[in-house]
Amino acid sequence: MGIIIKYIFFYRKGYSSYYIEGIKEGLATRNKLNKTEINSTKNLLKIEWLMIKNTIYYIF
(Lines of atoms letter the chains of each structure in order from A and count residues from 1; the text may use other names and numbers.)
(Lines give C-alpha, C1' and ligand atoms only; values in the text may rest on other atoms or scores of the structure.)
Protein backbone atom coordinates (compact mmCIF):
# COMPACT_ATOMS: atom_id res chain seq x y z
CA MET A 1 0.00 0.00 0.00
CA GLY A 2 2.78 2.42 0.90
CA ILE A 3 4.62 1.75 -2.34
CA ILE A 4 1.51 2.64 -4.33
CA ILE A 5 1.02 5.89 -2.42
CA LYS A 6 4.68 6.82 -2.92
CA TYR A 7 4.44 5.96 -6.62
CA ILE A 8 1.44 8.26 -7.03
CA PHE A 9 3.30 11.03 -5.19
CA PHE A 10 6.38 10.71 -7.40
CA TYR A 11 4.21 10.32 -10.52
CA ARG A 12 2.61 13.70 -9.83
CA LYS A 13 6.05 15.25 -9.36
CA GLY A 14 7.32 13.67 -12.59
CA TYR A 15 9.80 11.31 -10.90
CA SER A 16 7.96 7.99 -11.26
CA SER A 17 10.59 6.43 -13.52
CA TYR A 18 13.34 7.28 -11.01
CA TYR A 19 11.27 5.78 -8.21
CA ILE A 20 10.77 2.52 -10.12
CA GLU A 21 14.50 2.38 -10.95
CA GLY A 22 15.31 2.85 -7.26
CA ILE A 23 12.94 0.06 -6.24
CA LYS A 24 14.52 -2.29 -8.81
CA GLU A 25 18.05 -1.39 -7.67
CA GLY A 26 17.12 -1.88 -4.02
CA LEU A 27 15.66 -5.30 -4.68
CA ALA A 28 18.69 -6.33 -6.74
CA THR A 29 21.24 -5.30 -4.10
CA ARG A 30 19.39 -6.26 -0.90
CA ASN A 31 21.33 -9.50 -0.47
CA LYS A 32 24.70 -7.75 -0.76
CA LEU A 33 24.17 -5.47 2.24
CA ASN A 34 25.47 -6.17 5.74
CA LYS A 35 23.29 -5.55 8.76
CA THR A 36 24.65 -2.93 11.13
CA GLU A 37 25.03 -4.01 14.74
CA ILE A 38 23.30 -1.69 17.20
CA ASN A 39 24.94 -1.86 20.60
CA SER A 40 23.13 0.97 22.33
CA THR A 41 19.45 0.54 23.13
CA LYS A 42 19.36 4.13 24.37
CA ASN A 43 20.40 5.47 20.97
CA LEU A 44 17.97 3.16 19.18
CA LEU A 45 15.07 4.37 21.32
CA LYS A 46 16.11 7.99 20.77
CA ILE A 47 16.10 7.51 16.99
CA GLU A 48 12.69 5.79 17.10
CA TRP A 49 11.27 8.59 19.26
CA LEU A 50 12.56 11.26 16.85
CA MET A 51 11.03 9.47 13.87
CA ILE A 52 7.64 9.15 15.60
CA LYS A 53 7.73 12.77 16.78
CA ASN A 54 8.64 14.11 13.34
CA THR A 55 5.96 11.97 11.67
CA ILE A 56 3.31 13.38 14.00
CA TYR A 57 4.66 16.90 13.41
CA TYR A 58 4.48 16.35 9.63
CA ILE A 59 0.91 15.04 9.77
CA PHE A 60 -0.42 17.85 11.94
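The opening residue of the sequence shown carries number 1168 in the working numbering; numbering runs sequentially from there.
Ideal Cβ positions, reconstructed from N, Cα and C, are used throughout, including at glycine.
For clarity, every value in this text was computed on a predicted model and none was experimentally measured.
Suppose the cutoff is 8 angstroms on Cβ atoms and the five residues either side in sequence are ignored; what does the same chain contact list for residue i look like?
i, result
"residue 1183", "1174, 1177"
"residue 1190", "1170"
Spatial neighbours of residue i within its chain, please: C-beta separation below 7 angstroms, excluding the five flanking residues on both sides.
i, result
"residue 1194", "none"
Assuming residue i contacts residue j under a Cβ cut-off of 8 angstroms, what Cβ separation, rounded to an integer in Å, is found between them?
i, j, result
"residue 1205", "residue 1211", "5 angstroms"
Are the C-beta of residue i and some C-beta of chain C separated by less than 7 angstroms?
i, result
"residue 1181", "Absence of chain C from the displayed structure is noted, only one protein chain being present."
Open item on the list: Please give me, in chain order, every unbroken run of the alpha helix (DSSP H) with length at least 4 that falls completely inside the segment 1168–1217.
Closed with: 1169–1180, 1183–1196
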